[in-house]
Structure formats: C-alpha cells, structure tokens
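Taking it in order: structure first as structure tokens, then the write-up.
Residue numbers (our numbering): 314 to 610.
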C-alpha cells in the first residue's frame, strides 16, 4: 500500500463546505457552501471554479440525469440549470409546526431518489424537530421519519439492502434495512458509536469494500468504519478541525475528497488553521469508491 498523502486542492475557502460529488465526465468536483449560499464546481484539470448563488442556505447538491442538478435548500428541493444559471422550485417541505429548520446533507439512492434531511437552526441537544425526506422521481415528497437533531451523512450498502445514516448529535452511525423497490426503511439499529475524541459525525461515503468513511466535525479527521463489526479500521487526520463531508473521485475513484468549514472560528483558531474551509484530496488510501447516482426525475 502506498503512503497516504493529504493535499489542499481547492484553496478558495468555504464558510461551511459540504456535499462533495465527483463528476466523472469532466473530472470535476461539485459541492456547496451552506452559509455562503452557493453551489460550486471545481475542474480538477484546469483548477477553475464556477459558482451559482442560491436564495437560501443550501444543504446539498446532487446530479440530475436529465441534466443540471438538484439542490436541497431552505425548506425546498429545487432544480439547477447550470447553463442558464437558473434555479426553479421542485417541491416544498415546510412544516408550519416546525418552522425553525433547513435542509442539510443529501444523496441519491441507487434507484434515483433524492434523500435529504433537515436540521434545527438553533441546534439545541433537546430539540429534535428535524426529519429525513425523499424526493421521488415524480417530484412527490415522503417523510421517512422525524425526531432528528441534525440529519447528516447517508449512503447505501453495495447490495442496496442497507441504508446508513447519521444524526450528528446522536454521535453514532446507524443502519436501516432498505427496500430498493419502494425506498422504505425499517429495523433501525446502531452500527458505530463515536469515541469522545473523534468529534461530531458529519458527512460520509462508502468504498468498494463496503466500508464507510465518516468526516468528523471538530475532529479534524475522517474515519474508516466497518459497519458489519462496528469497528474503526483507520483514521486520516486533516489540517482543518471542522471536516464536514467526503466523497471518492479522481481516476478510478481512488482519491478521497474532503470538505471543511471555518464558520464560528475566532482569529486565533484561523491563524493556527490557515486551510480551514478549503477542500482536501487524500490519495494513497489503497481503496476506491463508487460513482454517485443521479436523480431520475
């Protein structure tokens, strides 16, 4: 196994970088800056960055099979036409009883549905007003479950039978049985409990060996977890404490791209972590990821 290398590849800082997605067709990385209210695309061949501003806080972005992208922003799903630089609403999930929420992390399932969850804006440990939603290809929205603090990382097992999920303030990675025909979830259970020094579990992705990679907010690291045994296999440290999410990309999906944030950091912390908010490429891991799925609606 070659030695692991961590490199800062996107030096344009994101206040709260999130939702990285590799686009193989043009060797680009798609991502959002949640509080910076923008969706960006970085071309790894030219190092150029293109961005589109969003109206509201944008939690996640995914590719759309028909072209362009789908975002979860504010309390709505919306379609992004990159060529026309336009954003149009697809569906709203506003809950009048729980107005103090916004969309956060999301990902497309193997059948082309867009799963995205919300989070409470005040982030109090005792407030669980958020939920996980699915945008189906016919643009209908289903609430999977509620009683969530901060809906975050999500992915599916390689055989599509298990859905992995993170509610950040529960400090664990959970699993559900997954019905690929209906998009339904059942049999919720814990697969990994965070250690005290590991930080807050945030975004995650899966590799071709079925192991999970979990970015740890305030932990400055990404963990490789075996969801079958509930054990930590590997820790990759990064030069930014607020690591937020990760995805595989690059040639043969052998590089791990990791987003980060600088939100809430004081001048002393920023001086110690000059790369906070940048995006990193981790190479030499000896494992590969799988291509992302596209929303089919």
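Where a beta carbon is used, it is the ideal one built from N, C-alpha and C, also for glycine.
First through last residue of the alpha helix (DSSP H) which encompasses residue i
i	result
residue 385	Premise fails: residue 385 lies in the beta strand (DSSP E), 382–386, not in any alpha helix (DSSP H).
residue 585	580–585
Coarse secondary structure for residue i, derived from DSSP in three states
i	result
residue 490	strand
residue 363	strand
residue 399	strand
residue 646	Nothing in the structure corresponds to residue 646, since the chain is present only between 314 and 610.
residue 336	strand
residue 328	coil
residue 509	helix
residue 314	With a pLDDT of only 47 at residue 314, under 50, the local geometry of the prediction cannot be trusted, and the value read off the model is given with reservation. The answer is coil: DSSP assigns residue 314 none of H, G, I, E or B.
residue 471	coil
residue 482	helix
residue 422	coil
residue 601	coil
residue 520	strand
Cβ-Cβ distance between residue i and residue j below 8 Å
i	j	result
residue 575	residue 559	no
residue 403	residue 452	yes
residue 461	residue 441	yes
residue 597	residue 317	yes
residue 605	residue 383	no
residue 556	residue 534	yes
residue 589	residue 573	yes
For residue i, the first and last residue of its enclosing beta strand (DSSP E)
i	result
residue 342	341–346
residue 560	556–562
residue 591	Counting along the chain, residue 591 falls outside any beta strand (DSSP E), and DSSP gives it neither H nor E.
residue 432	427–433
residue 437	Per DSSP, residue 437 belongs to no beta strand (DSSP E) and is neither H nor E.
residue 570	568–573
residue 550	544–550
residue 444	443–448
residue 371	371–376
residue 389	389–394
**Asked** Any contact of the segment 478–494 with the segment 504–524, i.e. 3+ C-beta pairs under 8 Å?
**Response** Contact holds between the segment 478–494 and the segment 504–524, because three or more Cβ pairs, one in each stretch, are under 8 Å apart.
**Asked** Touch check for the segment 386–395 and the segment 434–441: three-plus C-beta pairs under 8 Å?
**Response** Of all C-beta pairs linking the segment 386–395 to the segment 434–441, fewer than three are shorter than 8 Å, placing the two stretches out of contact.
**Request:** Taking 8 Å as the threshold, find out whether the segment 363–371 comes into contact with the segment 420–427 through three or more Cβ pairs.
**Result:** No contact exists between the segment 363–371 and the segment 420–427.
**At least three beta-carbon pairs within less than 8 Å, the segment 336–343 to the segment 354–364** = Verdict: yes, contact present.
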